[in-house]
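Residues in the sequence shown are numbered consecutively from 18, following my numbering.
All residues carry an ideal CB built from backbone N, CA and C; glycine is no exception.
Have a look at the structure below before the remarks.
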Amino acid sequence: MKHSDLAVESAHIPAGTSGTRCVSRTIGGVKITDIRLSNSAARTISRHPGRYITLEGDPAGNALPALLKRALEQLLPPTGKILAAGLGNPDITRDRLGALTVRRLSAKSGKRYSLAAIETDVALHTGIETAALVRSAAREMGACAIIAVDSLCCDDPGRLYRTVQLTDAGITPGSGAAAPRRGLSERSAGIPVIAVGVPSAALLSSITGDQAHQRFLAAPSDEDVQSLIWADCIAAAISAVIR
18 MKHSDLAVES
28 AHIPAGTSGT
38 RCVSRTIGGV
48 KITDIRLSNS
58 AARTISRHPG
68 RYITLEGDPA
78 GNALPALLKR
88 ALEQLLPPTG
98 KILAAGLGNP
108 DITRDRLGAL
118 TVRRLSAKSG
128 KRYSLAAIET
138 DVALHTGIET
148 AALVRSAARE
158 MGACAIIAVD
168 SLCCDDPGRL
178 YRTVQLTDAG
188 ITPGSGAAAP
198 RRGLSERSAG
208 IPVIAVGVPS
218 AALLSSITGD
228 QAHQRFLAAP
238 SDEDVQSLIW
248 ADCIAAAISA
258 VIR
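Structure (structure tokens):
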């Protein structure tokens, strides 16, 4: 059994499926894959319909942050208040990307947008469902959109900390936990939800092919450093959008 949060790893859509498009190109050494899933195609691969933009490259370079900014601008409304939400458990290295990212952001106003940021932690610590917390904060500030940053899981270990996915299809905080969680999406929040995620772990069974390993996760030995680099990259892109 494989599990991946990346649409690019599961977008094996039958030819001729209506309303689906996949375009790939490379700019400045960064591979960009833009997938649009119709309702029928999304059901085929057990995804939510929407747009999935994947950037693969070096987050410490100049090209990827600039392309990430451009991708965010394509998914966000033209103006308004933006809430950046850092999801995940800040006490676990592979799950702290969201927290690290929003800690690098400052509440500010630009020509088109104003920004507020919230670090949600996890329901196990707060006693509040993450999606409910983010929706309430967005409603209180009158946000026009939410940028939710979280850690993801992938199948291909070569994508660990080398890929970032943006999607307007939303996200389900804590979906890796045993208890079912309510998703955070435009349908549930009433405003666009742009999920930004980086794969920080892969199921060991995806690597070994042994289903006995499907309860174990594999992560790179330098994940502490990589999470900091990606937090800098994503925060820089969000800040550049707000200016």
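Tell me, to the nearest whole angstrom, how far the beta carbon of V215 is from that of L169; I am working on the premise that it is less than 8 Å. Within the sequence shown, residue 215 is the residue found at index 198, counting from 1. Within the sequence shown, residue 169 is the residue found at index 152, counting from 1. Right, their Cβ atoms sit about 6 Å apart.
Taking only three categories from DSSP, how would you classify P197? For the purposes of this step, residue 197 is identified with residue 180 of the sequence shown, where counting begins at 1. At P197 the pLDDT is 48, less than 50, meaning the model places this residue with poor confidence; the figure from the coordinates comes in the next sentence. Annotated three-state conformation of P197 is coil, per DSSP.
Which whole runs of the beta strand (DSSP E) in the stretch 107 to 139 are 3 residues long or more, in chain order? DSSP runs (the beta strand (DSSP E)) wholly in the stretch 107 to 139: 130 to 138.
Quick check: the stretch 136 to 147 against the stretch 71 to 83, are there 3 or more CB pairs under 8 Å? Under the three-pair Cβ rule at 8 Å, the stretch 136 to 147 does not count as touching the stretch 71 to 83.
Rounded to the nearest angstrom, what separates G158 and A149 at their Cα positions? Within the sequence shown, numbered from 1, the residue matching residue 158 stands at position 141. Within the sequence shown, numbered from 1, the residue matching residue 149 stands at position 132. The residue asked about is misnamed: residue 158 is Met in this sequence, not Gly. In this model, M158 and A149 are separated by some 14 Å (Cα to Cα).
Thinking just about the alpha-carbon of each residue, which of R156, G115, N79 is nearest to the one in A248? As a working note, residue 248 is residue 231 in the sequence shown. Ranking R156, G115, N79 by Cα distance to A248 puts G115 first.
Are the CB atoms of V258 and K86 nearer to each other than 8 Å? One-based indexing of the sequence shown puts residue 258 at position 241. One-based indexing of the sequence shown puts residue 86 at position 69. Yes, Cβ-Cβ distance for V258 and K86 is below 8 Å.
Which first and last residues belong to the beta strand (DSSP E) in which R42 is found? Translated into positions along the sequence shown, residue 42 becomes position 25. For R42, the uninterrupted beta strand (DSSP E) segment begins and ends at 38 to 44.
Within 7 Å: the Cβ of Y130 and any heavy atom of the ligand MN? As far as ligands go, the structure on display features none, and thus does not contain the ligand MN.
Under the three-state reduction of DSSP, which class applies to G144: helix, strand or coil? One-based indexing of the sequence shown puts residue 144 at position 127. Assigned with DSSP and collapsed to three states, G144 falls in coil, not helix or strand.
Can you list, in chain order, the residues of its chain with a C-beta nearer than 6 Å to that of P94? Leave out the 5 residues immediately preceding and following it. Translated into the one-based positions of the sequence shown, residue 94 becomes position 77. Closer than 6 Å at Cβ, skipping near neighbours: C161, A162.
Count the other C-beta atoms from every protein chain shown that fall within 10 angstroms of the C-beta of G202, then say buried if there are 16 or more, exposed otherwise. By 1-based counting over the sequence shown, the position of residue 202 is 185. The amino acid at residue 202 is misidentified as Gly; the sequence shows Ser. The residue is buried, with at least 16 neighbouring Cβ atoms inside 10 Å.
Chain-order list of residues whose beta-carbon lies under 8 Å from that of R204 (same chain, five-residue window excluded): Within the sequence shown, residue 204 is the residue found at index 187, counting from 1. Excluding positions up to five away in sequence, the list reads G187.
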